[in-house]
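Accompanying notes for the structure given below.
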Amino acid sequence: MKNKRKYLITLVCLILFLQSFSLVAVAVQTKASTDSIKTAITVPSGAITNREEVTVQIDLSGSAGSFTPANGDLAVTIPKDIVYNVADFTSKLNLPVPFTLKSITLDGDNYKILIAVDTTLIASNEAFHGIFQIKFGAPVLTLGDAHNDTQTFSVDYATKHDAATVDVSKKNPIVKPIFDKWYKGDLDPNNVAVLNTSTPQNNKFQLVVNYKKIDLNDVIITDTLPLGTSLVATDKNSGIPGDGLTVENIRILKANTFDEEGVVTSYKYVTADFRDKISYDTATRTFKVDLGDITADDTYFIEYALKVDDPDLGAQVNTANFTASNANAIQRVVPVKAIQHFGTSYVLSKSVDKQVLNYDENMLTYTLKLMSLDGASIPAGTVITDPLDSRIHITSILDYDKSKFDIQYDADSVTITTLVDTPKNGSNSWAFEANVSTLKVGDSLLNSAYLDVSNNIIQSNTVATKKYDGRIQIVKTDNFGHPVAGAEYTITDTNGAVVFQGETDTNGILLSAALQTGTYTIVETVAPAGYVLDNTPQTVTITEQDTDPIILQTKNVVKTGSVELTKVDSADHSVTLAGATFDLLDEQGTILKTGLTTAANGVLKIASLNPGKYSLIETAAPTGYTLDSTPVAFEIAFGDDQTPVAVVKENTMKNGSVVLTKVDSDDHSVTLAGATFDLLDEQGTVLKQNITTDTNGYLKVANLKPGKYSFVETAAPIGYTLDSTPVVFEIAFGDNQTPVSVVKENSMKNGSVVLTKVDSDDHAVTLAGATFDLLDEQGAVLQTGLTTDDSGSLKVADLKPGKYSFVETAAPVGYTLDSTPVAFEIAFGDDQSPVSVSKENSVKTGSVELAKVSASDQSILLAGAVFNLLDAQGAVLQEGLTTDENGFLVVDGLKPGIYSFVETAAPAGYTLDSTPLLFEIPFGDDQTLVKVVMENAITFQPVPPSMDEPTKPGTTSDNPVPDKPNTEKPGTETPNVEKPSIQDPAEKAPVLEETSTPTKTTDSKIPKTGDSSERNLILVGFLLCLLASMLFVVQARTRKN
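Positions -25 to -1, 1 to 1016 (mature numbering (1 follows the signal peptide of the UniProt record, and there is no 0)) are the ones given, in order, by the sequence shown.
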């Protein structure tokens, strides 16, 4: 049961909270709905009578924010049955702003009039009330006519609808008088003629004469116009015959026909008949018509209209008089007035001087404004009510005109009543001050006023004021989080004006005065003693959303000091040491910084140290020095940030060592023992002598102070060349663990080789121009294009010990290539004596071809000739060389030189010729065949005179002997090398070279012994041979020269 009660109480509280929240939410918003809009339509006369001017009044009101374009147009519906002239809707319409006529349409039995509402003229913060009237004339209403006895009017706007129904009052049919005055316009409920100020021709009057249809004599009609009016002509009716002439703006019509009841049914214009009978006196505003004598058949209507010259003419009368000599005088008076348009529009709005209220502000000024937009005055007695929130306490009503307004207030509301009309376009405003000290920071205060118009409560806009906290709280601490008192600050606005100054209290807090919303800049101007000023501007923006002071956290850094440690050599304090590394520790031994290193000048400087005790501990000594981790203690005094604390730390220098490795210059994996060195310092002074590499090729020297040194080789290892170039090295500071490592190369002693190129037959003959490749033991070519010089020698130096070979790639000119490798070896350690090798070459040999021909006909080649081959010294080289069946003899394999053939046996039938036939095998040409020719003369034999030798078959004159080759080669010469053994060049036989064998046809006739022709032929042949030999010798000598 208890739980149920708890749930019920909770639910009730929640509902109440939601209701209060919704009320606030509704109050806060400026209403954008149409809920508050009200429309009303009335016919003030309450009934409609014959030819009455009907007034339809529309009343529109609504709260602030209700009037938007979405509401559309205002529509008024008026029955067609009760409208005499539709033109009245425009001619008698006078709308106040924000209303304008949009359209008039006929919708069935009703006229629909659309009125536009210009909502742009109604501010969203204004409550609105507007009234306008639509006027029109009613038709003639008589008993028993077809017009409805009631008429219903309606208005629609923004989904709001209102309607009014009124009765129609009808009268008996017209009386037919002798004289009467009728107004064809509209009458008010008191039968006062209402004069239209915009269309005067509609203000039509008719003076009716003799509707009773009797005889009258000397009839005169006069009519005096109201003050402030003038005569105008009515519109001519085109349906009425006759001349529409006007005289003094007056027309006269005569009844033309009547119905059975005596009512006129047609007319005709007769003004022209009385052209000179009409007069008008402008002074008296009276016109006169002299109708003279009229009969019972004459009924006249004198017609004119009035123009309103003075809209403020007030109530006037229009008096007409009738006189006749046979009838009593008659006077008719019609009261008149100018049409009175009633319409008004006005708005109510509310404002407050502050939408936001600062923390220390409690006073507000509220203002109510009532303003006429257009139309009639806002009537006296208008009441404005302003309900008050319980947190609003009025302290005073600001000055106002007590003769025009009555203002009353209590704890709940303010009521304002107007005592006089507010004229068109006039406005009134009233203000009152209120204390709202009970308004909490962060809360909003909402307020609106209202008007009660036409039974509609219309609210003004809602004004809201929210309270905020415009203070700034500066919280000052140091870099250790402790409050800092005495820091002075200045707060300036965006224009740079100082709005607040102050300093932090003992808690490090400074609370500013309440500042207006906006952006401010906070700058520290003075720092407390012992602290560093931080004048960095801080920007803060105060908004109405701030419900607490804006907290600005700031810091002051304690002034810090610095320390300078100088690192020096323990033996010489003038020597400062760079590269010493330290850790910085606080008093508790906590490491604050690591890796602090002395600079090139040996100084280590540490800045930004808070006051307190510290120590520096060396973690790495300078290069070349021994580490000393003894702490160096020092203290930074409070507030002294100018003078660094100075401390000194000593270090002792380290010694180093060096290792030299002696290696083969071509293969560093081969280390060399037995090399001897001297050790020198940077000035070249010998420090140690005869230091020798061990079996591993190493040499080590320890305990060397940092500095530059060099090794100089004094004795090389066996088989290697001494290199006395100094090996420079340096013992660096600080590295006493790793010996300096240097390497010294030695080149192995190299040998050389000399190859001599000789003739294979005579080693005394050396051969230039032979070309070789040099190969190592693996057959790899090391050098190419090595050529023997003029002495036949080829030398290659700088050969390392090992096996090599020469391979001939080109033989000397005239010799045969021999590519058989010539192997040799360079012995280790012997670089004095060149290795000597020789290479033979065989000279190139040539060939010779001898052609044996008949002296009488060289086309005849002779077989069977036998020769010996002799050299230049005449020694027989070959015997029994015989020409073959074609007459040729070829000898191959002849070395260059001069040779000769000597015939030892002639061919059969020919004479032996033992004259040597010289020829030469040229040097170096083993391709060209040397060709020579040797003639033989035919042996002489007597021929019997009468005996003819029988002809052999196939040898007739008709069967010539086949052509023999020509042994002569044009343009070729056989070189002649002169040898000492040749004594008489004149004795040499000519040598001919043959390249082709021309064909020569011989006579079939066999020469006879004793023929003179044969003797002559022999003589000529001998002479030719002698001449050829001489030419050969001359040519050979010429070539030699």
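All C-beta atoms in this analysis are idealised placements derived from N, C-alpha and C, irrespective of residue type, glycine included.
Quiz item: In chain order, what residues of the same chain have a beta carbon less than 6 Å from the beta carbon of Phe898, not counting five sequence neighbours either side?
Solution: Gly789, Pro871
Quiz item: Is the segment 519 to 532 close to the segment 550 to 563, with three or more CB pairs under 8 Å?
Solution: no
Exercise. Please classify Tyr673: is it buried, with 16 or more other beta-carbons within 10 angstroms of its beta-carbon, or exposed?
Key: exposed
Exercise. Would you kindly work out how many angstroms separate the C-alpha atoms of Gln520 and Pro458, rounded to a whole number?
Key: 29 Å
Self-check item: 8 Å Cβ cutoff met for Ile382 and Trp405
Solution: yes
Practice problem: Mark Glu593 as exposed unless 16 or more other C-beta atoms lie within 10 angstroms of its C-beta, in which case mark it buried. | Solution: buried
Quiz prompt | Within 8 Å, strictly: CB atoms of Thr784 and Asp748 | solution = yes
Exercise. Can you say whether Pro73 is buried or exposed, counting buried as having 16 or more other CB atoms within 10 angstroms of its CB?
Key: buried
Quiz item: In terms of residues, what are the limits of the beta strand (DSSP E) holding Asp268?
Solution: 261 to 269
Practice problem: Please state if the CB of Gly862 and the CB of Leu904 are separated by a distance shorter than 8 Å. | Solution: no
Practice problem: Return the Cβ separation of Val167 and Lys282 in integer angstroms, given the expectation that the two are a contact with Cβ distance under 8 Å. | Solution: Contact flag wrong, Cβ pair sits at about 18 Å.
Exercise. Taking only the alpha-carbon atoms, compute the straight-line gap between Ser808 and Leu774 and give it to the nearest angstrom.
Key: 12 Å
Quiz item: The alpha helix (DSSP H) spanning Ser352 covers which residue range?
Solution: Premise fails: Ser352 is in no alpha helix (DSSP H) and is neither H nor E.
Quiz item: Thinking C-alpha only, which one of Gly350, Asp265, Asp328 is nearest Val322?
Solution: Gly350
Quiz item: Between Thr668 and Gly694, is the Cβ-Cβ spacing less than 8 Å?
Solution: no
Exercise. Assign Ala290 to buried or exposed, taking buried as 16 or more other Cβ atoms, counted over all protein chains shown, within 10 Å of its Cβ.
Key: exposed
Self-check item: Per-residue burial, Ile277 [other beta carbons within 10 Å of its own, 16 or more giving buried]
Solution: buried
Quiz prompt | Asp210 - containing beta strand (DSSP E), residue span | solution = No beta strand (DSSP E) holds Asp210; DSSP gives it neither H nor E.
Exercise. Note down the Cα distance separating Thr660 from Ala691, rounded to an integer number of angstroms.
Key: 21 Å
Self-check item: N- and C-terminal bounds of the beta strand (DSSP E) containing Thr52
Solution: 49 to 54
Quiz item: With DSSP run on the structure shown, which of helix, strand or coil describes Gln617?
Solution: coil
Practice problem: Using DSSP bridges, identify the partner residues of Phe107. | Solution: Ile33
Quiz item: Does the Cβ-Cβ distance between Ser99 and Ala39 come in under 8 Å?
Solution: yes
Quiz item: Whole beta strand (DSSP E) runs in the segment 458 to 535 with 3 or more residues, listed along the chain?
Solution: 463 to 467, 473 to 478, 484 to 486, 493 to 501, 513 to 517, 525 to 533
Practice problem: For Lys146, count neighbouring C-beta atoms within 10 Å of its own C-beta (all shown protein chains included) and say buried if the count is 16 or more, exposed if not. | Solution: exposed
Self-check item: Minimum C-alpha distance to Ser727 - residue among Lys675, Phe781, Ser402
Solution: Phe781
Quiz item: Do the CB positions of Gln664 and Asp656 come within less than 8 Å of each other?
Solution: no
Exercise. State the DSSP-derived secondary structure class of Leu844, mapped to helix, strand or coil.
Key: strand
Quiz item: Thr689 to Leu730, Cα distance in whole Å?
Solution: 36 Å
Self-check item: Per-residue DSSP class, three states only, for Arg307
Solution: strand
Quiz item: In three-state terms, what does DSSP make of Ile63?
Solution: Looking at the sequence itself, residue 63 is Asp, so the reference to Ile does not match. Looking at Asp63 - three-state DSSP - the assignment turns out to be helix.
Quiz item: Going by other Cβ atoms of all chains shown within 10 Å of its Cβ, with 16 needed for buried, is Leu(-3) buried or exposed?
Solution: The pLDDT assigned to Leu(-3) is 35, lower than 50, so where the model puts this residue is not dependable; a value taken from the coordinates is nonetheless given after this. Counting Cβ neighbours within 10 Å, Leu(-3) comes out exposed, since fewer than 16 surround it.
Quiz item: If we call anything under 8 Å between Cβ atoms a contact, is Tyr279 one with Ile225?
Solution: yes
Exercise. Can you give me the Cβ contacts of Ala424 inside the same chain, cut-off strictly under 6 Å, excluding the 5 residues immediately before and after it?
Key: Lys325, Leu343, Ile359, Asp361, Ser435
Self-check item: DSSP three-state assignment for Thr95, whether helix, strand or coil
Solution: helix
Self-check item: Reference Lys55; option with closest CA among His122, Thr95, Gln108
Solution: His122
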